[in-house]
Amino acid sequence: MDAALDAALARWDDVVREVSIALALPRGSTMFLLGLALAPVFGFGFPTIDWICGDDRARRAMCRSVYALLAGVALSLMSFGRQTVVCAHFGAVAYAVMALARRRCGVVVFLGSFAYLIRFHVMADTANTWKAGEVDISGLLMVMTLKVTACAMNYQDGATVAASEMTEHQHRRHLKTLPNVLDYASWLMFPCTLVSGPAVEFRDYSDWLNGRGVWSGEAPSRVAATAKKFFGAATCVALFQVLSVKYTLESVYLAPNWLTDYSFLERVWHMNVMGQTNRFKYYFVWMMADFAATVSGLGFSGYDAKGVARFDTAANIHPLGCERAITLNSFPLSWNVKTGQWLRHYVYDRVTPKGKKPGLLQLLITQIVSGLWHGLYAGYWLFFVSSAFALNAGRLMYRWRSRRVPESLRIFVDVPLWLATQMTINYLVSAFMLVEYKSCMDAWASVHYIAHVGIVVMSVFGVVFAPKSSKPKTA
1 MDAALDAALA
11 RWDDVVREVS
21 IALALPRGST
31 MFLLGLALAP
41 VFGFGFPTID
51 WICGDDRARR
61 AMCRSVYALL
71 AGVALSLMSF
81 GRQTVVCAHF
91 GAVAYAVMAL
101 ARRRCGVVVF
111 LGSFAYLIRF
121 HVMADTANTW
131 KAGEVDISGL
141 LMVMTLKVTA
151 CAMNYQDGAT
161 VAASEMTEHQ
171 HRRHLKTLPN
181 VLDYASWLMF
191 PCTLVSGPAV
201 EFRDYSDWLN
211 GRGVWSGEAP
221 SRVAATAKKF
231 FGAATCVALF
241 QVLSVKYTLE
251 SVYLAPNWLT
261 DYSFLERVWH
271 MNVMGQTNRF
281 KYYFVWMMAD
291 FAATVSGLGF
301 SGYDAKGVAR
311 FDTAANIHPL
321 GCERAITLNS
331 FPLSWNVKTG
341 QWLRHYVYDR
351 VTPKGKKPGL
361 LQLLITQIVS
371 GLWHGLYAGY
381 WLFFVSSAFA
391 LNAGRLMYRW
401 RSRRVPESLR
411 IFVDVPLWLA
421 TQMTINYLVS
431 AFMLVEYKSC
441 MDAWASVHYI
451 AHVGIVVMSV
461 FGVVFAPKSS
471 KPKTA
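Now the structure itself:
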């Protein structure tokens, strides 16, 4: 068996090598891109299973689950090789904890999975791997961390939180019984979102698998939705390819003449284009995963108030929402959406004392957890700690704008706020890309810490001119 697997992986490696040479990309990046491209191909297998099984829901659920597990393992082997075995370790240990210690499994799995992930980040030096353009299995493990912690917490909630005390999210997500092994394993390895995420909740996956909830009736046509997501992804990767030729770390922040040959305004311009270019890459990756999930049928999420079908179960990015964000606290509503929801429901809400309003402390804790999730690298900490203050400043400005600025005058406020939001995001993300402390600080210093100054100004302004009346609208 091992010999056959080694032979198959060797043949696949030859294919990867040829594609890597043709695309002039590192081997790891090529394997990742091939994984993204193959995800929707595997996704087409689910409608085929549905057609074969017909109205037999039990048979369909079993076939979907078996296929998802086998396809996910195959895709992981093609994308990450024998590193795939860590997925089995990760999932098995988390499942064992849920089975043996239900009332404490959420906390134990949370701490254990993060400890394992951080160790992997350190041992594999993932930040510098990503910076060099390579891709390893750490991204998959990051998504799996979100999955197993959410599942364990929801299972713990089912045993420890009274129904009358549950939040709306806990009512929707809590698990009364331990998931069966096959469904749990197939959920972890679901091929359409395996390579890049996002992390789909187990209850959503289980309902889709068994034809419950919004998936209980006849599925609407998904042709238009899949076409829209595919062409959106294609547009984003095309823009990334065009811009990334000129705007690279080596030609911008790390260029020897960065300080001598560029004026302050030119450095600010390049900083913003560099940040925008980086965003297009993520738009492409997440839209491809969303496309694959929509192809499979899991992407369907019900109907809106007008009766129009929605396909956002696996929607992790809303590019127009990011580009149109007026305040800093509205940007995360469209960026890495599922991770943001995980942080909100499994960290932010749970570290807020019962009956109290969340504040800056809860934001800091949440952003620190997000930083740990990415790894122990200075650039991530600089980004996430700074972004906690940025989000707080955005919240203050949103309150001021909503309560103090008349509708007729908001255009005069919205334009400068939008500009400040986009510049701040592009400024902060440089630390995420550069990773090393000195490089990050040099990059920020080269534009005189412009966004940090702006965050302080907005925070002070938001406090001084804070609305005194009734509770403000939420962002």
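Take 1 as the starting number for the sequence shown in full-length UniProt numbering and just add one per residue.
Backbone N, C-alpha and C define an ideal beta-carbon position, used for all residues, glycine too.
Ordered list of alpha helix (DSSP H) runs contained in the stretch 121-189, each at least 4 residues: 126-131, 138-160, 168-173, 181-188
Extent of the continuous alpha helix (DSSP H) run through residue 454: 450-464
Environment of residue 338 [buried if 16+ CB atoms lie within 10 Å]: buried
Contact set for residue 301: own chain, Cβ-Cβ below 7 Å, skip 5 residues either direction: 214, 310, 311, 312, 313
Three-state secondary structure assigned by DSSP to residue 212: coil
Three-state secondary structure assigned by DSSP to residue 302: strand
Three-state secondary structure (DSSP) of residue 390: helix
DSSP bridge partner residues for residue 310 (one or two, in chain order): 302
Best match in 328, 272, 246, 183 for proximity to residue 481 [C-alpha to C-alpha]: There is no way to answer for residue 481, as the model of the chain reaches only from 1 to 475.
Presumed contact (8 Å Cβ cut-off) between residue 391 and residue 363, rounded CB distance: 6 Å
Test item: CB-CB of residue 68 and residue 190 under 8 Å: yes
Per-residue DSSP class, three states only, for residue 6: helix
Chain-order list of residues whose beta-carbon lies under 7 Å from that of residue 64 (same chain, five-residue window excluded): 46, 49, 209
Whole alpha helix (DSSP H) elements within the stretch 76-122, 4-residue minimum: 85-100
Contact check, residue 425 vs residue 331, beta carbons under 8 Å: yes
Identity of the residue in 351, 434, 61, 25 nearest residue 126 by Cα: 434
Integer-rounded CB distance, given that residue 35 should sit under 8 Å from residue 195: 4 Å
Whole-angstrom distance between residue 75 and residue 405, CA atom to CA atom: 52 Å
Beta-carbon proximity of residue 290 to residue 297, cut-off 8 Å: no
Check whether residue 385 and residue 367 have beta carbons under 8 Å apart: yes
Residues of its chain near residue 206, where Cβ-Cβ distance is below 8 Å and the 5 sequence neighbours each way are ignored: 179, 183, 187, 212
Any 3 or more C-beta pairs closer than 8 Å across the stretch 147-155 and the stretch 89-108: yes
The stretch 428-447 in contact with the stretch 246-255 per 3-pair CB rule at 8 Å: yes
Segment contact flag, the stretch 369-379 with the stretch 112-124, C-beta cutoff 8 Å, min 3 pairs: yes
Residue of 106, 81, 160, 105 minimising C-alpha distance to residue 137: 81
Residue of 271, 306, 317, 307 minimising C-alpha distance to residue 281: 317
CA nearest to the CA of residue 249, picked from 232, 235, 271, 241: 271
Collapsed DSSP secondary structure at residue 424 in the structure displayed: helix
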